[in-house]
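> As you go down the protein sequences, you meet chains A and B in turn. Each position in the first sequence, counted from 1, maps to that position plus 396 in our numbering. Each position in the second sequence, counted from 1, maps to that position plus 4 in our numbering.
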Amino acid sequence: MNAVCRMPALLLAAWIAATPAVLAQDSERNRYYVQQMIEMAATDNEQGVVGMQRMLEQNPRPAAPDPAAARAAFQRGLTLFGQEGLDAALAAFQQASRDDPGNADAVNYAGLIYRKMGRFPEAETALQQALALEPSRAVAWFQLAQVYGLENDADRALGALANTYRFAQNQMRAEEILRNIAENEAADILRNAALKTLRLFHLPAEAVIVPPLPTNPGGIVPMNSAPNPIHTP
Amino acid sequence: MNFPSFTRSLALALALALALALAGALPAVAGQYETIDYYVQQMIALASAADEAGVLTFREQMENLPRPEPGDARQAHPFNQHGQERLAGGQLKEALAAFRQAFIADPTDPEIAGALGLTYLRSRRFKEAERLLVYALSLAPARSASWLTLGQVYGQQGDARRATGAFANAHRFAQDRPQVAEQLRQLATADPADAIRIGALQALRAARPASAAPPAPSPVLPSQPAAPVRPGTGSTSLPAAPVAPERPTTATDNLLGSLKQSLATLAQPADPVTTGSAAPGTADNGNPGQRIYRRSLPLTCLIVTFQDGKTANLGSGLLVSRDGLVITNNHVIDKAENLAVRCGDRESVARVRKRSREPDLASLATSLKSVDSFVLNQTYNQDLIGLDVFVIGNPYGLEGTFSTGVISGLREIDGVRYIQISAPISPGNSGGPVILRDGSVIGVATMGLKVGQNLNFAIAAAEVISSPIFEAKQMQIRRTGTP
Numbered sequence: 397m398n399a400v401c402r403m404p405a406l407l408l409a410a411w412i413a414a415t416p417a418v419l420a421q422d423s424e425r426n427r428y429y430v431q432q433m434i435e436m437a438a439t440d441n442e443q444g445v446v447g448m449q450r451m452l453e454q455n456p457r458p459a460a461p462d463p464a465a466a467r468a469a470f471q472r473g474l475t476l477f478g479q480e481g482l483d484a485a486l487a488a489f490q491q492a493s494r495d496d497p498g499n500a501d502a503v504n505y506a507g508l509i510y511r512k513m514g515r516f517p518e519a520e521t522a523l524q525q526a527l528a529l530e531p532s533r534a535v536a537w538f539q540l541a542q543v544y545g546l547e548n549d550a551d552r553a554l555g556a557l558a559n560t561y562r563f564a565q566n567q568m569r570a571e572e573i574l575r576n577i578a579e580n581e582a583a584d585i586l587r588n589a590a591l592k593t594l595r596l597f598h599l600p601a602e603a604v605i606v607p608p609l610p611t612n613p614g615g616i617v618p619m620n621s622a623p624n625p626i627h628t629p
Numbered sequence: 005m006n007f008p009s010f011t012r013s014l015a016l017a018l019a020l021a022l023a024l025a026l027a028g029a030l031p032a033v034a035g036q037y038e039t040i041d042y043y044v045q046q047m048i049a050l051a052s053a054a055d056e057a058g059v060l061t062f063r064e065q066m067e068n069l070p071r072p073e074p075g076d077a078r079q080a081h082p083f084n085q086h087g088q089e090r091l092a093g094g095q096l097k098e099a100l101a102a103f104r105q106a107f108i109a110d111p112t113d114p115e116i117a118g119a120l121g122l123t124y125l126r127s128r129r130f131k132e133a134e135r136l137l138v139y140a141l142s143l144a145p146a147r148s149a150s151w152l153t154l155g156q157v158y159g160q161q162g163d164a165r166r167a168t169g170a171f172a173n174a175h176r177f178a179q180d181r182p183q184v185a186e187q188l189r190q191l192a193t194a195d196p197a198d199a200i201r202i203g204a205l206q207a208l209r210a211a212r213p214a215s216a217a218p219p220a221p222s223p224v225l226p227s228q229p230a231a232p233v234r235p236g237t238g239s240t241s242l243p244a245a246p247v248a249p250e251r252p253t254t255a256t257d258n259l260l261g262s263l264k265q266s267l268a269t270l271a272q273p274a275d276p277v278t279t280g281s282a283a284p285g286t287a288d289n290g291n292p293g294q295r296i297y298r299r300s301l302p303l304t305c306l307i308v309t310f311q312d313g314k315t316a317n318l319g320s321g322l323l324v325s326r327d328g329l330v331i332t333n334n335h336v337i338d339k340a341e342n343l344a345v346r347c348g349d350r351e352s353v354a355r356v357r358k359r360s361r362e363p364d365l366a367s368l369a370t371s372l373k374s375v376d377s378f379v380l381n382q383t384y385n386q387d388l389i390g391l392d393v394f395v396i397g398n399p400y401g402l403e404g405t406f407s408t409g410v411i412s413g414l415r416e417i418d419g420v421r422y423i424q425i426s427a428p429i430s431p432g433n434s435g436g437p438v439i440l441r442d443g444s445v446i447g448v449a450t451m452g453l454k455v456g457q458n459l460n461f462a463i464a465a466a467e468v469i470s471s472p473i474f475e476a477k478q479m480q481i482r483r484t485g486t487p
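Next comes the structure, spelled out in structure tokens:
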């Protein structure tokens, strides 16, 4: 074989040998972008978040080796998930993801199941994968925030919650969900993260722990309204 | 990982972000509420100006805004029902929880959003109420009930102009105008908030030709302050505190007189002399509480604030320097026009020297020179947990109330270090000292959890020392390691 013919073969061999590394590098790079989105969201760096979002959105959608099988596996996963068969549902979603690596729903569900199983590192990886495929997916951000909350990672819980709000389709609903967490969540990290997220976006929030109101000695009342002056409309 | 290529990718990302920013292509995040609020405010302003055509134009525009994704009405229904029952029973907390769940399940039902807004209003959470009601109006711009509630939200915040516009729209869009006119008349005559009465009255006057309703009441009545709490007559179990006589106008020169009047109405602290106690500094006879109480009482201060010529609030403080510096919580003296302080049996007017919102601290300058003062204990580590603590303060005006407990935990909330204590504290304790057995101050009593029992929090003395109000030359520190 002459040198001209050998060159393409060598390049092909080199590409095949390097493919796992390239994929790993892509994965690592996507993870970096997702983490950057979290960090920037936590500091209210909107432009930075959008920049990283655009980088992720520029990724080409991975080819689906078997889209029909992926759809079937995903439906099977949903059914099993509804029946609380978490292990079997996880296997189905993983199969769906293998058959269609661009299926963000499948990896998102896998992340949700990992979280329910308490397998937080795997949950984080799966949810980051879902976000790499669809960085404006508010529900994945919300689940990732819960994972970080359970892992006592306050900063990243804040960033993920901030992105939950940022990308929510209905921000008023997201605001009320955050307020609910900020006032009722038992886990300190997540509760405080929700409170900080509300404050980050200058939304009204009431901390669960509040200073006791100084009393009015002798009943001298500075306010000019009764406690419940409202007439039901 | 290939770092050079990775760095290039990063640079590319940043360049892209910059280009997007320069091109103005960034989406307006959080723009949903601002958009609908703009339309609602326009409808209010135009209603105030009796511009009916303008109101209807903006109503139409708002109705043409994109609708949010539909929710799950079936899931929301039972929560909504439960919320209505709780709200009717005055159980605001339960109503809030139920309406919230209903709203999260179906955020497209204007009745649910309006009910949540109304519950926030009754809970006196006006900002949340305003947001929910504006949102409810984006779903149904002609829903009279939402306008009526929104008018009350603005009125509660003293904004008579916007209350007027919202009330006018409540009347304009009412299906039963006489009924809404009657509701407005009730608000105009009986509501304690000035801006609500004014707004309702003006809306009625503007609506009179159209509704042919009975004449609007006139003039607007002056506001009547709520009846003072009398000993044994209140619904709470507050300590007996006789009704204070009319206060003199609060000028600095008669402030002390006013303070004395105020203090005279409050319950007196236990007197060590009449209880046969030994003088301060004597041995504790196995009871460190007595020793700590006797030594700390003269250094613990009652703080009285004055506003609009009347006594407004009271709280506690601690004397921390020989030249009369007193530390308290910022929320105790917030909005005070004048301040007076009594530490032990000595009184002084005070002025705010430094204050900080986070952490919630303030230092006051007084004329109370003292040979003794509290020492701040800088310790903040796990070894503190389980140590006995002693709290002195003025809960509900009960001067010099002493309570004990232990350090239950260390908490960092919003970047501020707190000491969780089991010693009871109540309103009026805020700003008072939390003391260790050695007499040093380990925290400043600040807040308590609404739920649970004896879950109270003091800003750690270590936090005081690192805060802007600390003054190294005047205040004494006990160094870390000697709790």
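Quick reminder that beta carbons are idealized off the backbone N, C-alpha and C, glycines included.
Does B:Q386 get closer than 8 Å to chain A when you measure Cβ to Cβ?
For B:Q386, the answer is no, since every Cβ of chain A falls outside 8 Å of its Cβ.
> Is B:I417 close to chain A? Criterion is C-beta to C-beta, closer than 8 Å.
With 8 Å as the cut-off, B:I417 counts as an interface residue toward chain A.
> Helix, strand or coil: which one does DSSP assign to B:M479?
Three-state result, B:M479: coil.
> My output table needs one value for B:A268: the three-state DSSP class, helix, strand or coil.
In this prediction, B:A268 has a pLDDT of 44, which is less than 50 and means its spatial position is unreliable; nothing more can be read from the coordinates.
> Helix, strand or coil: how does DSSP classify B:D312 here?
In this structure, B:D312 counts as coil in the three-state DSSP scheme.
> Just checking my contact of B:L318 with B:I307 at CB under 8 Å: how many whole Å lie between their CB atoms?
Sure, about 6 Å apart at Cβ, within 8 Å.
> Measure the CB-CB distance between B:P302 and A:N566 and report whether it falls below 8 Å.
No, they are not a contact pair.
> Just checking, does the region 571-587 of chain A make contact with the region 458-467 of chain A on the three C-beta pairs under 8 Å criterion?
Too few Cβ pairs lie closer than 8 Å, so no.
> When you compare the CB of A:E581 with every CB in chain B, is at least one pair closer than 8 Å?
Answer no: the Cβ-Cβ gap between A:E581 and chain B never drops below 8 Å.
> Which residues, taken in chain order from the region 549-569 of chain A, show a beta carbon closer than 7 Å to some beta carbon of chain B?
So the close ones are R562, Q565, N566, Q567, M568, R569.
> Is there a Cβ of chain A sitting closer than 8 Å to that of B:Q88, yes or no?
Chain A contact via Cβ: absent.
> For A:L599 and B:D113, I'd like the C-alpha separation in whole angstroms.
Each residue's Cα considered, the two are about 22 Å apart.
> Got a sec: is the Cβ-Cβ distance from A:N504 to anything in chain B below 8 Å?
No - not a single Cβ of chain B is within 8 Å of the one on A:N504.
> Counting only Cβ-Cβ distances shorter than 9 Å, please list the residues of the region 588-599 of chain A near chain B, keeping chain order.
Those residues of the region 588-599 of chain A that come within reach of chain B (Cβ to Cβ, closer than 9 Å) are N588, L591, K592, R595, F597, H598, L599.
> Is there a Cβ from chain A that is less than 8 Å from the Cβ of B:P437?
So no, B:P437 is outside the interface.
> What does DSSP give as the partner residues of B:P182 in its beta bridges?
Looking at the DSSP assignment, B:P182 forms no beta bridge with any residue, so it has no partner.
> On the CB-based measure, 16 or more other CB atoms within 10 Å of its CB, does B:N398 come out buried or exposed?
B:N398 comes out buried.
> Under 7 Å from any heavy atom of the ligand HEM, does the C-beta of B:R165 make it?
Here there are no bound small molecules, and the ligand HEM is not part of this structure.
> Closer than 8 Å, CB to CB, is B:R135 near chain A or not?
Yes, because at least one Cβ of chain A sits closer than 8 Å to the Cβ of B:R135.
> So with Cβ pairs under 8 Å, would you call B:E98 a contact of chain A?
It does not: the Cβ of B:E98 has no partner Cβ on chain A nearer than 8 Å.
> How many Å lie between B:N173 and A:N504 at the Cα?
If you take the alpha carbons of B:N173 and A:N504, they lie about 46 Å apart.
> What's the call for B:K314, buried or exposed, on a 16-neighbour Cβ count within 10 Å?
Its Cβ being crowded by 16 or more others within 10 Å, B:K314 is buried.
> Put B:V395 into one of helix, strand or coil per three-state DSSP.
If DSSP states are grouped into helix, strand and coil, B:V395 belongs with the strands.
> In chain B, which residues lie less than 9 Å from A:E530 when you measure between Cβ atoms?
Those within 9 Å of A:E530 in chain B number zero; the least Cβ separation is about 16 Å.
> Classify A:G631 as helix, strand or coil using the three-state DSSP reduction.
Within the shown structure, residues of chain A are numbered from 397 to 629, placing residue 631 of chain A beyond reach of any answer.
> I'd like to know whether the C-beta of A:I434 is nearer than 8 Å to at least one C-beta of chain B.
So, not an interface residue.
> Could you check whether the region 137-150 of chain B touches the region 99-115 of chain B, counting it as contact only if at least three pairs of C-beta atoms, one from each stretch, sit closer than 8 Å?
As far as the Cβ criterion goes, the region 137-150 of chain B touches the region 99-115 of chain B, which means the pair count is three or higher.
> From the beta carbon of A:N576, is the nearest beta carbon of chain B less than 8 Å away?
With 8 Å as the cut-off, A:N576 counts as an interface residue toward chain B.
> Exposed or buried, what is B:E132 when buried is set at 16 or more other beta-carbons lying within 10 Å of its beta-carbon?
It is buried - the Cβ of B:E132 has at least 16 other Cβ atoms within 10 Å.
> Would DSSP call B:T254 helix, strand or coil?
Because the pLDDT at B:T254 is just 36, under 50, the model does not fix this residue reliably, and the value given afterwards should be weighed accordingly. Coil, per DSSP.
> Distance cutoff 8 Å, beta carbons only. Does A:I573 sit that close to anything in chain B?
Chain B, which has a Cβ nearer than 8 Å to the Cβ of A:I573, makes this yes.
> Between which two residues does the beta strand (DSSP E) carrying B:F462 extend?
The question names Phe, but residue 462 of chain B is Ala in the sequence shown. It spans 460-464 - the beta strand (DSSP E) in which B:A462 sits, taken as one unbroken run.
> Give every residue of the same chain whose Cβ lies closer than 7 Å to the Cβ of B:D327, excluding the five residues on either side of it in the sequence, and list them in chain order.
K373, Q478, listed in sequence order.
> Note down, in chain order, all residues in the region 165-193 of chain B with a beta-carbon under 9 Å from any beta-carbon belonging to chain A.
Flagged, chain order: A174, V184, Q187, Q190, L191.
> B:Y43 versus chain A: which residues are under 8 Å apart at the beta carbon?
Ordered by position in chain A, no residue passes the 8 Å Cβ test against B:Y43, which lies about 15 Å from the chain.
> Whole angstroms are fine: how far does the CA of A:I585 sit from the CA of A:T549?
A small fix is needed here, since residue 549 of chain A is Asp in this sequence, not Thr. Going from the Cα of A:D549 to the Cα of A:I585 covers about 7 Å.
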